[in-house]
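Visitor: Numbering-wise (the working numbering), the sequence shown opens with residue 48 and increments by one. C-beta atoms are modelled at their ideal positions from N, C-alpha and C, and glycine is treated no differently. Note that this is a predicted model, so its numbers are computed, not measured. Okay, here's the structure, questions in a sec.
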Amino acid sequence: MVILREQTPSLDTHLWDARVRALYDYWLERCRDGCPPRRSDIDPVDLPHLLRWLWLVDVTRDAPGRPLRFRCRLMGTEHVRTMGHDPTGKWMDEAFPTFLTNPTYSDYVQVAQNAVPSYRAGMPLYHLDKNHVRMERIMLPLLGGGKTIDMMLAITVYLRGIVVSP
């Protein structure tokens, strides 16, 4: 059984973008008995103001000893517009060739293996080469039919006009 540590991690959200915080709060409200919600607990009708920034990723465990793979199930329109392509239906390591060697890959693995959220703010690391864009992202685990995480719900917002020094 997947149990969230400390009855769901306590993250300091007061400086987060309101959209990221709204999705996190929505997810927290659906956690039960220290476990993440199931995909069936998430209703897009509840999140119309966030849909264009949301994305879903399937978690695939091929075989013991092999790395986890992630397939983009859905990518919100704002995310697609910013990236300039739509990775929906593609493996993350095929849509983004540096994905497996990028530090962000470990964030995906931590969410999938430990059932904990992953928050990050800063420069995009693998999917954009734009130093004028800052992003804020949270990935949230979703239980499958069993007791493992087989999907992640996420939101990424891009904050334009912020110049970040290299």
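Taking the alpha carbon of R181 as the point to measure from, which residue in D80, R167, F143, D90 has its own alpha carbon closest?
Guide: The option with the nearest alpha carbon to R181 is R167.
Visitor: Could you check whether C82 and V104 sit closer than 7 Å to each other, using their CB atoms as the reference points?
Guide: Against a cut-off of 7 Å, the Cβ pair of C82 and V104 comes out as no contact.
Visitor: Taking DSSP as the reference, what is the three-state secondary structure of T60?
Guide: In the structure shown, T60 sits in coil (DSSP, three-state: anything other than H, G, I, E or B).
Visitor: Keeping to the same chain, check which residues put their C-beta closer than 7 Å to that of R68; ignore five residues upstream and five downstream.
Guide: So the qualifying residues of the chain are T60.
Visitor: Enumerate in chain order the residues of its own chain whose CB-to-CB distance from L101 is below 6 Å, with the five nearest sequence positions on each side excluded.
Guide: G123, I202.
Visitor: Pull the bridge partners of I185 from the DSSP assignment, please.
Guide: DSSP lists Y166, I202 as partners of I185.
Visitor: Would you check if there are 3 or more beta carbon pairs closer than 8 Å linking the segment 135-144 to the segment 111-118?
Guide: Touching, per the Cβ criterion.
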